[in-house]
Structure formats: structure tokens, C-alpha cells
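The C-terminal residue of the sequence shown carries number 312 in the UniProt record's numbering, and the numbering is unbroken.
Note that beta-carbon positions come from the ideal geometry of N, C-alpha and C, so glycine has one too.
Computed from a predicted structure; not experimentally measured.
Heads up, the thing below is written out as C-alpha cells.
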Amino acid sequence: MNRNELRKADINLMVVFETLMLERNVTRVAEKLFLGQPTISSALNRLRAMFNDPLFIRVGHRMEPTARAEELIQHLSPALDALSSALSLTHHFDPASSNMTFRIGLSDDVEFGLLPPLLRALRQEAPQVVFVVQHVDYWRIPDLLASGDITVGISQTRGLPANAKRKLLRHIQPCILRADASATPLTLDEYCSRPHVLVSHTANVSGFADEWLAEIGRKRQVVLSVPQYSALPALLAGTDLIASLPDYTATAMAALGQLFKEPFPFKTPTLDLSMVWLSHVDTDPAERWLRARLEAFMSEHGVSGIQSDKLL
Numbered sequence: 001m002n003r004n005e006l007r008k009a010d011i012n013l014m015v016v017f018e019t020l021m022l023e024r025n026v027t028r029v030a031e032k033l034f035l036g037q038p039t040i041s042s043a044l045n046r047l048r049a050m051f052n053d054p055l056f057i058r059v060g061h062r063m064e065p066t067a068r069a070e071e072l073i074q075h076l077s078p079a080l081d082a083l084s085s086a087l088s089l090t091h092h093f094d095p096a097s098s099n100m101t102f103r104i105g106l107s108d109d110v111e112f113g114l115l116p117p118l119l120r121a122l123r124q125e126a127p128q129v130v131f132v133v134q135h136v137d138y139w140r141i142p143d144l145l146a147s148g149d150i151t152v153g154i155s156q157t158r159g160l161p162a163n164a165k166r167k168l169l170r171h172i173q174p175c176i177l178r179a180d181a182s183a184t185p186l187t188l189d190e191y192c193s194r195p196h197v198l199v200s201h202t203a204n205v206s207g208f209a210d211e212w213l214a215e216i217g218r219k220r221q222v223v224l225s226v227p228q229y230s231a232l233p234a235l236l237a238g239t240d241l242i243a244s245l246p247d248y249t250a251t252a253m254a255a256l257g258q259l260f261k262e263p264f265p266f267k268t269p270t271l272d273l274s275m276v277w278l279s280h281v282d283t284d285p286a287e288r289w290l291r292a293r294l295e296a297f298m299s300e301h302g303v304s305g306i307q308s309d310k311l312l
């Protein structure tokens, strides 16, 4: 297709096609694009005529793409990314007057440990802006970014899509939380003998700490697995339970006055906390402002740094 023929193409159809490739379901596409199902069905018929191919075959409740559709999306997605980037250059963003809604993905440890100081600052800088936070981990980030449910995510990361951009925010230092204060940190033997609480979003009773212990021929006793960090202060209070968690989360919980933070009694591998976004929002003024604020308050060298998944 030459440039003149592009005038015949409807970009709205291309957006519908890309969303169909992601969702594989007409109802979900209609909900995501705020359109009626008949409109999506009509768009699909026009796409089929345009490309002279069925594009999607119904298999149960899913719309499975044809080989031609798989080939088309490889060319279409980068083109839509480039168009989005170009259009983003045409508008200015003023945080003081904006009422935009930003959709952010944060892992549970980040939400508890690093979001509160950021939010306090943003309430002053952008009082009308709305922030919608979704829980993410390194498994969910790629899908949530691709679907547009979030535009930026902060978590441990792996297996990112080719059009993703990643910025390291900080190295995670594992720490211990306990309710019983002591002048001396736990020894390795004490760490292994004490009962542990594990935070796992997938209901596991084994985490990174168990792998690290296995490498030195030791193991611990996990007696409780919970899905989120926010439960730890109430669970640990008045018990001999201990929990292993990232340093920034442990610092925030210890600041509440009920728990005490201390270092691990053995050397651990380095874990990284990163910010991830897709290339099509890279130059968007509003998204650039958001990423700058996230970095300022969530990196180890930013504003919060001067203050004192498969998980730990």
C-alpha cells in the first residue's frame, strides 16, 4: 500500500484489530474500547474485507487468529506505537491543572513501602490527577502493559516484550521483621529455627529465601503464607514469628512502631526493582512526568532514597 492508499484505511479499524489480537474476545474488546458489540463485529467484517482473510476463527469462546493475522500484527503494532508517539508530541501537560487518570502497576511491597511519600507529594503538585493502582508482579506486567490496563509498572521484572523499556530503580536488600526487639540481630541458626510468615500472591509456602538457604545447606520453617504485605504488622505483633521482605517495605512497617527491622544473617543475591513501560508512551509528556516522579520517589537515589512474585 502506497501513501495515497493510506487515505482509504481507517485507523480505528487498526485499533480494533490490535485489541482483538490481545483479547481474543469480542465482548472484552467492546468493553475495553467503550464500544458496542455490533460495532466491533462490523469493524471485524470490514477488516476481513480489507485484508481478504477471515483473520479470526471462533474456537469456543475465543477468537483465534489466522496465520495472516499473526503476520499483520507484527507490522501493525510498531506502526501504531510510532503513531501514538507522534501524536503525543502535539499536546502539553500541566500537572497543576490536569484531571487525567493514570493507570500504574505496583507490586505489593512497593505499594506499601514507596507509594505513600509519592502520593503526598503528588497531592500538592497535581491535586486533580487520578491514580489507579493495580497489583503487578513479573508475570503480570507484560500482559497488563500490552492490554493498556497500565502504562507503567514497578516490580521485579523478567521476560519483557520487545517494545518494552526498563529502568533500574534500586537494588533490593532483603531484611527481617520481628516483633521482639533485641540488641543483637538473629544468627543464622536462630533465623532457621524461628517460625516464618511468607508473603506469596500465589499461595506458595516457599520463596527466594528458601532457595538461598538451600544453597548453603539450610532450611527454615514457614508456618503461614499470606497474599499481601499489609497484613504483616498485625500478624507479627506479640508473636515470635518473623518475616523476610524488601528493605523499603521493612522500613515503612518498622516506622509504625510495632515491629523491628534487621539485616539478613547470611549473604543474599541481588534483586532489582525496575520501572517498565512500552515504547509508544516513551515521549508522551504526561507519561514522562509520571515516570520522572516515580523515579524521584521510588529509586534509591531519589527523594525517598535519602530517607532512611515469587517473594521473600
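Original post:
Does the beta-carbon of SER147 have 16 or more other beta-carbons within 10 angstroms, so that it is buried, or is it exposed?
Top reply: exposed
**OP:** With DSSP collapsed to three states, give me the class of LYS219.
**Re:** coil
Original post:
With distances taken between CB atoms, is the gap from GLU31 to ILE73 smaller than 8 angstroms?
Top reply: no
Original post:
Is the Cβ-Cβ distance between residue 316 and LEU22 less than 8 angstroms?
Top reply: It is not possible to answer for residue 316, since the shown part of the chain is limited to 1 through 312.
Original post:
Since PRO285 is in the alpha helix (DSSP H), which residue starts that stretch and which ends it?
Top reply: 285 to 298
Subject >> Where SER308 sits in the DSSP three-state scheme >> reply: Summary for SER308: the model assigns pLDDT 36, below 50, so the residue's position carries little reliability, and this model does not support an answer.
**OP:** Could you check what DSSP says for ILE172 in three-state terms: helix, strand or coil?
**Re:** strand
Original post:
With C-beta atoms as the reference, is HIS201 less than 8 angstroms away from VAL222?
Top reply: no
Original post:
Could you give the distance in angstroms between the alpha-carbon of PRO265 and the alpha-carbon of LEU177?
Top reply: 12 angstroms
Subject >> Own chain partners of ASP10 with C-beta closer than 7 angstroms, once the 5 adjacent residues on each side are dropped >> reply: none
Original post:
Three-state secondary structure (DSSP) at ARG58?
Top reply: strand
Subject >> Assigned exposure category for ILE216 - 16 Cβ within 10 Å defines buried >> reply: exposed
Original post:
LEU160: which of GLN37, ARG288, ALA296, TRP277 sits nearest, CA to CA?
Top reply: TRP277
Subject >> Residue(s) in a DSSP beta bridge with LYS261 >> reply: LEU177
Original post:
Would SER206 count as contacting chain D if we go by Cβ distances under 8 angstroms?
Top reply: No chain D is part of this structure, which consists of one protein chain only.
Original post:
Hey, how far is the Cα of residue 365 from the Cα of HIS301?
Top reply: One cannot answer for residue 365 here, as it falls past the ends of the chain, which runs 1 to 312.
Subject >> Cβ-based burial, VAL110 [other Cβ within 10 Å; buried from 16] >> reply: buried
Original post:
Do you know whose CA, among SER107, ARG28, ARG123, lies nearest THR157's CA?
Top reply: SER107
**OP:** Measure from the alpha carbon of residue 313 to the alpha carbon of each residue in GLY60, GLN173, PRO78, then state which is nearest.
**Re:** Any answer about residue 313 is impossible in this case: the structure gives the chain only from 1 up to 312.
Original post:
Can you list, in chain order, the residues of its chain whose CB lies under 8 angstroms from that of ALA164, leaving out five sequence neighbours each side?
Top reply: PRO142, LEU145, VAL276, TRP277, LEU278, SER279
**OP:** Please look up how many angstroms separate the CB atoms of LYS267 and ALA250, rounded, as I've assumed it's under 8 angstroms.
**Re:** Wrong, their Cβ atoms sit about 18 angstroms apart, outside the cutoff.
Original post:
For the candidate residues ARG28, ALA286, VAL132, whose alpha-carbon lies nearest to that of MET63?
Top reply: ARG28
**OP:** Provide the residue span of the alpha helix (DSSP H) that contains ALA243, from first to last.
**Re:** Looking at the DSSP string, ALA243 is not in any alpha helix (DSSP H); the run it does join, the beta strand (DSSP E), is 242 to 246.
Original post:
Where ASP309 and TYR138 are concerned, what is the direct C-alpha to C-alpha distance, given to the nearest angstrom?
Top reply: Because the pLDDT of ASP309 is 40, which lies under 50, any placement of that residue in the model is unreliable, and the number read from its coordinates should be weighed accordingly. When rounded, the distance between both Cα atoms is 6 angstroms.
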